[in-house]
Structures are given as C-alpha cells and as structure tokens.
C-alpha cells in the first residue's frame with residue numbers, strides 16, 4: 267500500500283517496482299499475479315476489505331448506503347495516488363463482493379422496483395467513484411500545478427466581462443475550481459439518494 271501511495275499513481279506502479287521494494291524479483295510475483303492489472307485489482311480489493319473491516323448492517327437503507335459510501339471515501343482518502351485511478355480498477359474479490367452485495371441489498375430493502383435495482387446500483391457507483399477519483403486527482407498534483415490551475419481559474423472568473431457573462435461576474439468572487447471535502451461529498455451523495463425510488467423508510 268505504501269508503495270502505491272508514494273508512487274506517481276497507479277499508471278507508474280509496476281511489478282518490477284513492487285518486487286524491488288519487497289527485496290525479490292518480479293518473476294516471483296508472477297506466481298501470484300499474472301500481470302499488473304491483476305495485481306492492482308487485488309490492491310483495490312484489499313482497500314475495500316480494510317474499509318469494511320468492522321462493518322455492521324444497521325439502520326435503514328439510506329443510512330446503510332451512506333455508511334458504505336463514506337467508508338469508501340475514507341479508505342481512498344488515505345491513498346490519493348491509487349484513488350485517482352479508482353475507476354480503472356473496480357476490484358475483484360471478497361471486498362468487492364461484500365460492498366456490491368450490501369449496496370444491492372440496501373436498494374432492495376428500500377423497496378426499489380426489482381428491475382431498477384441494477385440501474386440504481388450503477389448510478390451510485392458511477393457517482394461515488396467519479397467524485398473520489400476527481401478529489402484524489404486534485405490532491406495528488408504538486409503545489410506548483412495546483413497554483414497554476416487556481417490562477418487560470420481566477421483569470422476566467424474574476425476577469426469575466428459583466429456585459430457578456432453577467433451571472434459569472436456576479437458570483438466570480440465566491441466560486442472555486444472543482445474541489446470538495448468529505449462534507450461536500452456526503453451532501454452530493456445525499457442528492458442522489460433523494461432521487462432513489464424507495465418505497466420503504
């Protein structure tokens with residue numbers, strides 16, 4: 267985990283680097299993992315296993331989904347370099363199975379029509395993974411890059427011509443580039459949960 271987190275992201279992570287960190291050669295790793303993708307899938311699943319370590323199914327469907335979603339956020343928050351590539355590695359193994367099963371169960375317990383459960387599962391997963399990846403990408407870039415992005419954003423917002431972009435000019439001093447914290451993530455997820463076609467509390 268430390269090697270992935272300290273690297274420049276999953277794209278720069280390799281079997282060779284892991285083998286060197288473990289004091290062995292890459293051929294020994296291929297006895298356990300056929301390729302780098304299989305290794306990364308195992309790493310992601312381990313993250314989910316750790317996230318669900320003390321999980322207990324309690325509360326109503328909405329409370330349970332919120333718990334599952336925040337556990338994912340908290341787990342990936344510790345590994346931003348891995349999190350920014352989370353959409354590439356959906357996971358495979360018991361950790362992934364548990365998260366998927368509990369998500370589907372919560373939607374079923376909510377009374378979501380049977381035929382709509384897979385669709386709502388995918389909506390939730392897509393939103394959660396996208397937000398986690400976007401947040402991690404903003405955190406994992408260097409201070410110079412972050413400063414440059416902020417300056418560019420300020421130029422197009424604070425410099426907006428009120429005659430051409432009146433609404434942007436009005437709000438320009440109060441908006442920031444894409445970025446959020448755990449509370450904002452939670453609030454955004456709640457908006458989607460509000461729309462779940464639940465028939466049970």
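Residue numbers (the numbering used here): 267 to 467. Cβ coordinates follow ideal geometry from the N, Cα and C atoms, glycine included.
- By the C-beta criterion, the stretch 334–347 is judged to be in contact with the stretch 447–458, since at least 3 inter-stretch pairs fall below 8 Å.
- Between residue 461 and residue 327, the beta carbon gap of about 14 Å keeps them out of contact (Cβ cut-off 8 Å).
- With respect to the 8 Å criterion, residue 438 and residue 429 are not classified as neighbours on the basis of their beta carbons.
- For residue 374, the uninterrupted alpha helix (DSSP H) segment begins and ends at 360–375.
- Straight-line measurement puts the Cα of residue 397 at about 12 Å from the Cα of residue 346.
- Boundaries of the alpha helix (DSSP H) harbouring residue 450: 448–461, taken from the DSSP string.
- With respect to the C-alpha of residue 370, the residue from 388, 358, 361 and 360 having the closest C-alpha is 388.
- The criterion of a C-beta distance shorter than 8 Å is satisfied by residue 375 and residue 466.
- When the beta-carbon positions are compared, residue 381 and residue 341 stay at least 8 Å from each other.
- Runs of beta strand (DSSP E) with 3 or more residues, each lying fully within the stretch 364–444, are absent.
- For the 8 Å CB-CB criterion, residue 365 and residue 306 do not form a contact.
- Boundaries of the alpha helix (DSSP H) harbouring residue 334: 327–343, taken from the DSSP string.
- Counting only residues of its own chain and dropping the five nearest sequence neighbours on each side, residue 424 has a CB closer than 6 Å to the CB of 438.
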